[in-house]
Amino acid sequence: MASDTITGTTRSDAEISGLDALEIAGQEQGPSRLRQLWSATWPKLAALALSIALWQFVVWTGWKDPWALPGPATVFADLGDYLVSPALWEGLATTGRRAAVGFAAAVAVGLLLGLAVARVKILRAALGSMITALQTMPSIAWFPLAILLFQLSEQAIFFVVVLGAAPSVANGVIHGVDYVPPLLVRAGRNLGARGLNLYRYVIAPAALPAIVAGLKQGWAFAWRSLMAGELLVVIATKTSIGAQLTYARELNEAPRLMAIMIVILVVGLAVDAAFGAADKAIRRRWGVLDQAGN
1 MASDTITGTT RSDAEISGLD ALEIAGQEQG PSRLRQLWSA TWPKLAALAL
51 SIALWQFVVW TGWKDPWALP GPATVFADLG DYLVSPALWE GLATTGRRAA
101 VGFAAAVAVG LLLGLAVARV KILRAALGSM ITALQTMPSI AWFPLAILLF
151 QLSEQAIFFV VVLGAAPSVA NGVIHGVDYV PPLLVRAGRN LGARGLNLYR
201 YVIAPAALPA IVAGLKQGWA FAWRSLMAGE LLVVIATKTS IGAQLTYARE
251 LNEAPRLMAI MIVILVVGLA VDAAFGAADK AIRRRWGVLD QAGN
């Protein structure tokens with residue numbers, strides 16, 4: 001019997017060692033960094049090329065006059081001039097500052113509100129559906145009230161950016177906390193985690209993927225609200241990307257207008273890539289994503 005037990009144990013250890021070796025071999029034979037980069041890049045390049053080709057085809061059809069819809073060559077030539085002009089960087093500085101301050105305030109409000117609603121039943125009953133309703137409300141609808149309260153000022157833009165982004169952040173926190181397994185919370189309490197330590201060491205890490213998703217969605221709402229605000233609330237003493245877009249429309253400068261739109265799109269894609277990298281790092285840390293990034 002002892003001999004059979006020892007043989008079974010040895011066979012089990014050998015099987016486990018074989019599985020470990022197979023996994024390590026699979027990781028060693030995984031795609032190189034360069035190939036991974038190319039695999040992630042070529043679909044975006046193909047989509048970009050297809051979009052430009054479709055754009056050029058529409059121009060060739062003569063659907064709109066060139067002064068209203070210029071071709072890609074004209075727009076990209078103007079974009080090159082715009083990239084080296086002081087106006088772009090002054091506008092980006094103003095817009096970036098507004099985005100950073102507004103989104104930071106929205107994150108602070110959303111995290112506190114979401115955590116309170118997630119853990120207090122009375123607040124959940126009173127405010128749960130209201131947060132979702134605020135999230136679905138178009139940000140542009142807040143501007144008449146914002147202008148009435150703060151006139152054409154920075155405060156009006158800030159007000160709408162926070163209202164546009166905070167509900168999404170709060171909902172991300174609420175859903176993240178809701179999906180924390182109760183067994184995990186009980187285990188944390190049994191190990192001595194109470195009060196803030198329970199949230200810091202158990203609930204917050206478990207809810208982090210959903211919170212990051214809420215932050216990403218909140219940023220999208222904040223960026224949209226900010227662009228709408230800069231189009232409506234033009235402050236003469238401060239240039240911004242949205243104000244320059246308004247000026248280009250009023251002066252019928254279609255190439256510059258489309259160049260500014262490309263800049264807005266690139267900024268949005270860059271921030272989305274940053275959130276995507278953070279999400280991937282979190283999923284890898286939680287073991288949902290392997291080291292090869294598949």
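Taking full-length UniProt numbering as reference, the numbering of the sequence shown is continuous, increasing by one, and the terminal residue is 294.
Ideal Cβ positions, reconstructed from N, Cα and C, are used throughout, including at glycine.
Where the alpha helix (DSSP H) through residue i begins and ends
i	result
residue 249	241-250
residue 256	254-285
residue 211	204-232
residue 82	72-83
residue 107	86-119
residue 56	33-60
residue 152	That residue, residue 152, is in no alpha helix (DSSP H); it is neither H nor E in DSSP.
Euclidean distance between Cα positions of residue i and residue j
i	j	result
residue 241	residue 45	25 Å
residue 132	residue 167	7 Å
residue 104	residue 218	10 Å
residue 148	residue 156	9 Å
residue 102	residue 78	31 Å
residue 26	residue 177	Per-residue confidence for residue 26 stands at a pLDDT of 47, beneath the threshold of 50, marking its modelled position as unreliable; no derived number is given.
residue 201	residue 193	8 Å
residue 88	residue 222	21 Å
residue 195	residue 245	49 Å
residue 111	residue 92	27 Å
Beta-carbon proximity list for residue i, same chain, < 6 Å, skipping 5 on both sides
i	result
residue 114	170, 173 and 174
residue 191	none
Other residues of its chain near residue i: CB distance less than 7 Å, five sequence neighbours each side excluded
i	result
residue 264	227 and 241
residue 152	233 and 235
residue 125	none
residue 22	Because residue 22 carries a pLDDT of 46, less than 50, the predicted location of this residue cannot be relied on, and no value is offered for it.
residue 109	162 and 166
residue 94	238, 239 and 240
Residues near residue i by beta carbon distance below 8 Å, same chain, minus five either side
i	result
residue 224	139 and 164
residue 249	257
residue 279	209, 212, 213 and 216
Coarse secondary structure for residue i, derived from DSSP in three states
i	result
residue 66	coil
residue 179	coil
residue 137	coil
residue 194	coil
residue 166	helix
residue 235	coil
8 Å contact criterion, which residue i and residue j should meet: CB distance rounded
i	j	result
residue 258	residue 70	7 Å
residue 268	residue 161	About 15 Å separates the two Cβ atoms, so there is no contact after all.
residue 150	residue 159	6 Å
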